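In the UniProt record's numbering, the protein residues as written are 1 to 516.
Here a beta-carbon is modelled for each residue, glycine too, at the ideal position from N, C-alpha and C.
Source: prediction; values computed, not measured.
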């Protein structure tokens with residue numbers, strides 16, 4: 001039935017090509033009856049027989065036989081090889097009848113389909129060791145681990161702490177890691193940041209800290225800074241100090257635990273004594289402000305009289321303004337050379353992480369053009385709508401509906417107090433680019449009467465003293481308060497509801513334009 005040579009099994013099959021069909025005979029070597037042999041001899045003149053060897057083992061290119069191919073038993077029948085056998089010699093395969101309604105015999109479905117081994121090919125790509133950067137045996141470092149290592153590197157460079165034993169009578173403040181993705185004005189992640197912070201809520205006042213006050217720029221000061229820059233037509237730049245709080249020195253004796261995941265294997269029970277301020281400590285903002293302000297004052301800067309976060313440097317008729325908001329700094333000058341000098345000055349003392357034209361600051365998107373500076377909070381509004389599930393809400397052509405009656409929803413569900421506070425706080429932050437988004441309940445004639453009449457009433461006691469400077473100005477004949485007709489009350493744009501026509505008229509009247 002088969003020829004066996006060199007461990008290889010081959011089987012020769014006789015395939016008969018006849019007319020419109022194909023007839024397959026039995027393998028050579030099988031016993032055949034004499035009648036079959038005589039029939040075959042009679043048909044030999046009409047039929048063309050092709051002796052087609054079928055190899056059950058694949059040869060390699062070099063003539064050797066592959067060891068990956070399964071060797072089929074020579075005694076296996078043709079039917080086991082899943083080769084169709086016709087009952088009648090002259091039956092046409094294409095024209096053979098079939099039925100869609102006859103069911104298959106499930107008992108022998110697997111008998112005619114021999115199971116073949118699954119061949120898996122693994123592709124390996126070995127790079128030369130000379131092309132691998134770093135230690136090959138070192139474990140894989142994720143972006144989070146890399147950010148933590150960069151943070152601790154700043155601790156070493158700034159000599160932030162010393163490893164020591166915890167003195168008796170003192171307790172160590174815990175530490176934890178905080179992770180954040182820094183994004184640009186388009187919402188694209190530009191840096192993965194890791195910050196080691198101290199659990200300052202465990203500090204005790206009078207023991208661990210004394211002063212916690214640090215001046216912070218008001219958003220009105222930021223708007224005024226941008227307005228002045230637009231008026232003087234100079235560029236505004238931004239930069240931030242990397243790990244700014246680590247530059248501030250502290251006077252108190254403070255101990256913190258070792259950073260999670262970076263404990264010293266030789267001294268796991270020791271703690272760190274702080275030399276510099278650490279994020280999360282109550283005294284950290286004050287220490288950083290004192291360090292930065294002292295450095296600027298030593299370099300011919302003057303501190304603002306009212307706004308202590310504004311620093312001014314004059315050189316002849318030129319002016320350099322520096323506005324500080326914790327570790328974020330914006331600055332501009334009427335002379336471009338003074339901006340470059342300030343950049344070099346900051347790099348001498350601190351490690352700066354970025355510098356460029358101001359585009360995004362404290363949630364404000366800033367667009368600097370030749371004819372002015374435009375600010376908006378479209379990204380902040382979109383993030384706020386997404387947070388509270390109003391992104392797909394139907395938009396309106398005006399901020400408020402006219403003749404809208406507000407009634408109490410007695411049967412409605414109670415609102416989440418925390419979510420409501422978060423909503424109100426988010427709306428209040430929108431005042432960074434808008435004068436007011438709340439209703440101002442004010443009668444025009446009443447306001448004029450109050451500022452002209454110095455007599456106090458019980459209903460006007462709550463008015464803060466700082467607003468009464470108008471009275472002083474009127475008494476000194478510096479200003480005069482007059483009534484403005486309703487049609488020209490441009491401030492109503494921020495306090496009242498109008499139709500689309502009136503709304504667009506007021507927008508045009510106050511000089512507001514679309515920043516797109």
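Hey, how far is the Cα of residue 294 from the Cα of residue 249?
12 Å
Between residue 530 and residue 243, what straight-line distance do the alpha-carbon atoms span, to the nearest angstrom?
Beyond the ends of the chain as shown, which are 1 and 516, falls residue 530; an answer cannot be given.
Minimum C-alpha distance to residue 153 - residue among 406, 191, 320, 262:
262
Indicate the three-state DSSP secondary structure (helix, strand or coil) for residue 384 in the structure shown.
helix
Under a three-way DSSP split, which group does residue 428 fall into?
helix
Roughly how many angstroms lie between the CA atoms of residue 149 and residue 304, to the nearest whole one?
38 Å
Does the beta carbon of residue 247 come closer than 8 Å to any beta carbon on chain C?
In the displayed structure, chain C is absent; only one protein chain is listed.
Taking residue 269 as the reference, give the member of 258, 214, 503 with the closest Cα.
258
Would you tell me roughly how many angstroms separate the C-alpha atoms of residue 503 and residue 430, rounded to the nearest one?
19 Å
With three or more C-beta pairs closer than 8 Å as the rule, is the region 306-315 touching the region 227-245?
no
Using beta-carbon positions only, say whether residue 182 and residue 193 come within less than 8 Å of one another.
yes
Between which two residues does the beta strand (DSSP E) containing residue 237 stretch?
236-241
Can you pull the DSSP bridge partners for residue 165?
DSSP output for residue 165 lists no bridge partner at all.
Contact between the region 197-216 and the region 275-291 (3+ Cβ pairs under 8 Å):
yes
Can you tell me which of the three DSSP states residue 343 falls into?
helix
How would you call residue 377, buried or exposed, if buried means at least 16 neighbouring beta carbons within 10 angstroms?
buried
For a quick check, are the C-beta atoms of residue 240 and residue 353 less than 8 Å apart?
yes
Three-state secondary structure assigned by DSSP to residue 483
coil
Among 170, 507, 174, 180, nearest to residue 145 - alpha-carbon criterion
180
Tell me which residues share the same chain as residue 498 and place their Cβ nearer than 6 Å to its Cβ, disregarding the 5 neighbours each side in the sequence.
none
How close, in whole Å, do the beta carbons of residue 147 and residue 255 come, if the pair is a contact with beta carbons under 8 Å?
The pair is not a contact, with the Cβ atoms about 25 Å apart (cut-off 8 Å).
Examine the Cβ distances between the region 327-345 and the region 368-383 and report whether three or more of them are shorter than 8 Å.
no
Could you check whether the region 419-428 touches the region 358-365, counting it as contact only if at least three pairs of C-beta atoms, one from each stretch, sit closer than 8 Å?
no
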